[in-house]
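Asks:
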């Protein structure tokens, strides 16, 4: 037996009821189903050879914007003719146009057509128009009126005269023409036979309803099969930002390793960002091309740190009692207060070392924004995040530093191996660059680190070694998220965010 | 970080080694001196090498780089000793240079054999030293001259801007100093260093011939070096004596490496009849504590082991005892300030790859800042309510913060030296960033629901950085029929889940529609604002859909 779905059955029934030969429109009226639903059903019915489909071309016309104006006000030549009549059958063109209140664009049309239709004669010497005898409405005007009233008309339904008028209006560019294919359904013998059998079949339902459940009717009906492969509308779930989520994961891992978080403000004094980190006051890293300076207020306060400030000053000038020669220049205490946007988060480590709450042994980390006056490109941001920190304890050595780095490479970067290369920072010595090897990625630079110089720790009152490290976390994220442009991290592209996998 | 261009054949020639232009091989040895090939121009056969160490101007040229590598590569067992011969030039320094550019140093190098490649190298070195070590000629600047054309004694003096004229390098007409500052490209570039003074520095020889107008430009007659030049006068002027002396040394050493023979100069300063001989190649001595070195590195090193490693890194050893190694530090190693600088070089010579990492778990407890818990929960809840988290820059501009939001301008942290016009200040609220985000996504499927939990920066005189950063939360719902109750419902859900009772009071805010705007209160404290975005604001951000939003301070929530 041929199995019919609800909509197919309804459609087939309607075609039979409408005499076995009918159009889509009529089936719509009969069944109340949508055009698309009927077409879907009809295609299936045709496949099952229960219905035959024939196509019939139809041309629908309606007035365009200009056409609508003419339908309302009359064709320009008609308006002109009326004006000439009102002015006594003859008048100058200027007066006629004024009387007819013709739109500027329509003037040449009106003058052209009024002569073509032989409603009036034009005298070029006097620049006047004079009415002639024949002034009755032609088919084009009648059709215009019809279209104005009815809106859309099928050309095939019109009389021969009107069909000619359609061509006129089409030439005058007053119509929107739409070619359509109309489908005619015809039920086949097999279709009739199928319906006979169907009568005995049970009712089929699309949607299970509360009513069906409450009444128990669900037991008697048949549930229509869904096309479970049909595409559905997209649902965009709420999500965390992939980069921030990645930073959260890094944070969790660092906390698990025993690191405590350090925080501070984006605006920082030069003292903590540079001076306390043994970066001399003339250093290129302090040039306006390398650090953002605050316009106003220019200076913050370093008064709370008088003792450390004095030590730092002496260390820069002559090494103080750190065993160093110092930088050998005159240190400016005023410059120490100069406000900048922190150019790295190492300033937080300096603050932590100076803090009364510092614990020894202690492990600290920070994740935060830093700022440098870079021109944005594929590898540079002017505002970016750093993940870094310190380990403070007696007897720490370079081997401990490498141990911490190796731990990061494996625990945080998920690397297979780590490698160490000499590096440089003004505030650490020795300094080490961490490279991590991950299968499929190769070697990546994953961090810079070192042991704080005595010129950094001693002026801050720290007598034990301090290991300092920073991780190239952006690079790792880019590999993970498969992006090759760092600007994507701050992407303003919602679609990209919506489609990011939660990894 | 300086990036230096080196002529590849010269590099191989100076090292007497072949690397077959294999960048990986070159990089491997450059690790010793913290360098890395950034670019290899195969046509010109020039490698651009980035040197991470900003404190080693002695290796910012191909001669110095090769010098530093020789020990590591085992090409020499102790560093070359450099000598300087008897003075050939005397320089008298004018007192009036005191607050303009008081210091000068000179040297004469005889019998140098120059080629075009070598001259290009010198020009490049001169440029690098002027830019980085000399801070764009502010601190020091270098001049090279044909010594054969110059008569000692020289006079380093001052002159009025129009009193003296000479033909500057690259020109064929005499120009006054004033004209040079106005017309010569170098005058335009560096004029700001001297033009605040009423008189300018000038360097003349015994016959009053102009050598140069420091730090702007050399004379075209005396200050032009060609492959025919055999004897060279080096001159460095500047504002820091130490830097001037170091620069003279570094330039002179490179010329000696090219087969030259150096002679010193006597510089006579006016005050206290002070006299300085330049260059001075005297090495410094430093005692290295063996136990300290072992302690820093975590290696059990003996004095003998250390004494063997040091020459690889370019140091010679004067004396070794059980607990102490006395190290001779070559005059050009200006980076050595402390024993740790030697200790790092010992580690590099030992090989970082041979040092075994050691992980010792510390008895510390990890933790995040106390307010983190609330922030994390708030983000989770916003996500649960169907909002997409976004991340935007904290840097923005006043137009975005205020004008486009229909607000009056407020005081915010503005940058003295913004790099681009769109990023000139720190934000003091979040919604403008969110609006900008929406503005960028007007063709993406609606409804759009976004939020950001981020920091805003508020000016605060009481703080030592004159600012405080606060965590704020902002959210927007944007679609064709967004309305007040929709966003209020979301905010209500947030507060309910946080277990916080909140109140809403009608308020006015220029970014929002009047009568559809309210202030958010918790325990009598005003935390933020909620409402329907004003059509003016929607227009400013070219949004055709409606937007409803809230923004509030999370740090002010009662704990």
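Chains as they are written, first to last, in the numbering used here: chain P, 1 to 503; chain X, 1001 to 1559.
Glycine residues also receive a C-beta, built at the ideal position from the N, C-alpha and C atoms.
#1: Using a C-beta cutoff of 8 Å, does residue 1192 of chain X count as contacting chain P?
#2: Across the region 347–363 of chain P and the region 1358–1368 of chain X, are there enough close Cβ pairs to call them in contact, namely three or more that are closer than 8 Å?
#3: Residue 1332 of chain X: buried (16+ other C-beta within 10 angstroms of its C-beta) or exposed?
#4: If residue 1049 of chain X sits next to residue 1004 of chain X, beta carbons under 8 Å apart, how far is it from one beta carbon to the other, in whole angstroms?
#5: Closer than 8 Å, Cβ to any Cβ of chain X: which residues of the region 426–456 of chain P, in chain order?
#6: Using a 10 Å radius around the Cβ and a threshold of 16 neighbouring Cβ atoms, would you call residue 368 of chain P buried or exposed?
#7: In chain P, which residues lie with their C-beta within 7 Å of the C-beta of residue 1352 of chain X?
#8: Please return the same chain residues whose Cβ sits closer than 7 Å to the Cβ of residue 1167 of chain X, not counting the five positions on each side in sequence.
#9: What does DSSP give as the partner residues of residue 1046 of chain X in its beta bridges?
#10: Starting from residue 1240 of chain X and walking both ways along the alpha helix (DSSP H), at which residues does that stretch end?
#11: Checking the sheet assignment: what are the DSSP bridge partners for residue 1319 of chain X?
#12: Starting from the beta carbon of residue 1341 of chain X, find every residue of chain P whose beta carbon is closer than 8 Å, and list them in chain order.
#13: Under the three-state reduction of DSSP, which class applies to residue 1489 of chain X: helix, strand or coil?
#14: Under a Cβ-count criterion, where at least 16 other Cβ atoms within 10 Å of its own Cβ denotes burial, should residue 1455 of chain X be classed as buried or exposed?
#15: If you follow the beta strand (DSSP E) that residue 1522 of chain X is part of, which residue opens it and which one closes it?
#16: If you draw a straight line from the C-alpha of residue 281 of chain P to the C-alpha of residue 274 of chain P, how long is it?
#17: Along chain P, which residues have their Cβ under 8 Å away from the Cβ of residue 1382 of chain X?
#18: Contact check, residue 1071 of chain X vs residue 1262 of chain X under 8 Å by CB: the rounded distance?
#19: Check whether the region 223–235 of chain P and the region 76–84 of chain P are in contact - that is, three or more C-beta pairs closer than 8 Å.
#20: Per DSSP, residue 1458 of chain X forms a beta bridge with which residues?
#21: Is the separation between the beta-carbon of residue 1133 of chain X and that of residue 1247 of chain X shorter than 8 Å?
#22: Going by CA-CA distance only, name the one from P:173, P:325, P:324 that's closest to residue 64 of chain P.
#23: Whose CA, out of P:481, P:392, P:339, P:330, lies closest to the CA of residue 357 of chain P?
#24: Going straight from the alpha carbon of residue 516 of chain P to that of residue 269 of chain P, what length do you get?
#25: Name the residue from X:1537, X:1553, X:1190, X:1433 whose alpha carbon lies nearest to the alpha carbon of residue 1547 of chain X.
#26: Report the rounded CA-to-CA distance for residue 1352 of chain X versus residue 1307 of chain X, giving the unit in angstroms.
#27: Identify the continuous beta strand (DSSP E) that holds residue 54 of chain P and give its terminal residues.
#28: Do you know how far the Cα of residue 185 of chain P is from the Cα of residue 13 of chain P?
#29: Tell me whether residue 327 of chain P sits in a helix, a strand or coil according to DSSP, three-state version.
#30: Distance check for residue 144 of chain P and residue 159 of chain P, CA to CA, integer angstroms please.
#31: If we call anything under 8 Å between Cβ atoms a contact, is residue 494 of chain P one with residue 1441 of chain X?
#32: Can you say whether residue 455 of chain P is buried or exposed, counting buried as having 16 or more other CB atoms within 10 angstroms of its CB?
#33: Report yes if the C-beta distance between residue 1253 of chain X and residue 1082 of chain X is below 8 Å; otherwise report no.
#34: Exposed or buried, residue 1496 of chain X, counting other C-beta atoms within 10 Å across all chains shown (16 or more means buried)?
#35: Under the rule that 16 or more other beta-carbon atoms within 10 Å means buried, what is residue 214 of chain P, buried or exposed?
#36: Please confirm if the region 248–268 of chain P is in contact with the region 302–311 of chain P, defined as three or more CB-CB distances below 8 Å between the two stretches.
Replies: Well, looking at it:
#1: Within the second chain, residue 1192 of chain X is the residue found at index 192, counting from 1. With 8 Å as the cut-off, residue 1192 of chain X does not count as an interface residue toward chain P.
#2: yes
#3: Against the second chain, residue 1332 of chain X aligns to sequence position 332. Buried, by the Cβ-count rule.
#4: For this step, residue 1049 of chain X is matched to residue 49 along the second chain. For this step, residue 1004 of chain X is matched to residue 4 along the second chain. That pair is a contact at about 5 Å.
#5: 426, 429, 430, 431, 432, 451, 453, 454, 455
#6: As a working mapping, residue 368 of chain P is identified with position 368 in the first chain. Residue 368 of chain P is buried by the Cβ-count criterion.
#7: As a working mapping, residue 1352 of chain X is identified with position 352 in the second chain. The answer, in chain order, is 420, 421, 422, 432.
#8: Mapped onto the second chain, residue 1167 of chain X falls at position 167. Counting only Cβ-Cβ distances below 7 Å, and skipping sequence neighbours, we find 1173, 1174, 1219, 1220, 1221.
#9: The residue labelled residue 1046 of chain X in the question sits at position 46 within the second chain. DSSP, once it has assigned bridges, lists X:1007, X:1041 as partnering residue 1046 of chain X.
#10: Sequence index remark: in the second chain, residue 1240 of chain X carries index 240 (1-based). Careful: residue 1240 of chain X lies outside any alpha helix (DSSP H) and carries neither H nor E.
#11: As a first step, residue 1319 of chain X must be located in the second chain, where it is residue number 319. Residue 1319 of chain X is bridged to X:1326.
#12: As a first step, residue 1341 of chain X must be located in the second chain, where it is residue number 341. Near residue 1341 of chain X (Cβ distances below 8 Å), the residues of chain P are 429.
#13: On the second chain, position 489 is the one that residue 1489 of chain X refers to. If DSSP states are grouped into helix, strand and coil, residue 1489 of chain X belongs with the helices.
#14: Within the second chain, the letter at position 455 stands for residue 1455 of chain X. Buried: at least 16 other Cβ atoms inside 10 Å.
#15: Within the second chain, the letter at position 522 stands for residue 1522 of chain X. Run containing residue 1522 of chain X: 1512–1522, per the beta strand (DSSP E) assignment.
#16: One-based indexing of the first chain puts residue 281 of chain P at position 281. One-based indexing of the first chain puts residue 274 of chain P at position 274. Each residue's alpha carbon lies about 8 Å from the other.
#17: Within the second chain, numbered from 1, the residue matching residue 1382 of chain X stands at position 382. In chain order: 238.
#18: Taking the first residue of the second chain as position 1, residue 1071 of chain X is located at position 71. Taking the first residue of the second chain as position 1, residue 1262 of chain X is located at position 262. In fact, because the Cβ distance is near 22 Å, the residues do not count as touching under 8 Å.
#19: no
#20: Stepping through the second chain from its first residue, residue 1458 of chain X is reached at position 458. Paired residues: X:1468.
#21: As a first step, residue 1133 of chain X is located in the second chain; it is residue number 133 there, counting from the start. As a first step, residue 1247 of chain X is located in the second chain; it is residue number 247 there, counting from the start. Cβ atoms of residue 1133 of chain X and residue 1247 of chain X: closer than 8 Å.
#22: Mapped onto the first chain, residue 64 of chain P falls at position 64. Answer by Cα proximity: P:173.
#23: The residue you call residue 357 of chain P lines up with position 357 of the first chain. Out of P:481, P:392, P:339, P:330, P:392 has the C-alpha closest to the C-alpha of residue 357 of chain P.
#24: Missing from the structure shown is residue 516 of chain P; chain P here goes from 1 to 503 and no further.
#25: Here residue 1547 of chain X refers to the residue found at position 547 of the second chain. Here the closest residue by C-alpha is X:1537.
#26: As a first step, residue 1352 of chain X is located in the second chain; it is residue number 352 there, counting from the start. As a first step, residue 1307 of chain X is located in the second chain; it is residue number 307 there, counting from the start. Near 18 Å, if we compare the C-alpha coordinates of residue 1307 of chain X and residue 1352 of chain X.
#27: Here residue 54 of chain P corresponds to residue number 54 of the first chain, with the count starting at 1. Here the beta strand (DSSP E) through residue 54 of chain P covers 51–63.
#28: Taking the first residue of the first chain as 1, we reach residue 13 of chain P at position 13. Taking the first residue of the first chain as 1, we reach residue 185 of chain P at position 185. The straight-line gap from Cα to Cα measures roughly 12 Å.
#29: Position 327 of the first chain holds residue 327 of chain P. It is coil, neither helix nor strand.
#30: Residue mapping note: residue 159 of chain P aligns to position 159 of the first chain, counting from 1. Residue mapping note: residue 144 of chain P aligns to position 144 of the first chain, counting from 1. The straight-line gap from Cα to Cα measures roughly 14 Å.
#31: The residue labelled residue 494 of chain P in the question sits at position 494 within the first chain. The residue labelled residue 1441 of chain X in the question sits at position 441 within the second chain. Yes; because the gap between Cβ atoms is below 8 Å, this pair is in contact.
#32: Here residue 455 of chain P is taken as the residue at index 455 of the first chain, counted from 1. Its Cβ being crowded by 16 or more others within 10 Å, residue 455 of chain P is buried.
#33: As a first step, residue 1253 of chain X must be located in the second chain, where it is residue number 253. As a first step, residue 1082 of chain X must be located in the second chain, where it is residue number 82. It is a contact, given that the beta carbons lie within the stated cut-off.
#34: Taking the second chain and counting its residues from 1, one reaches residue 1496 of chain X at position 496. So residue 1496 of chain X counts as exposed.
#35: Reading the first chain from its first residue, position 214 is the one you call residue 214 of chain P. Burial call: exposed.
#36: no
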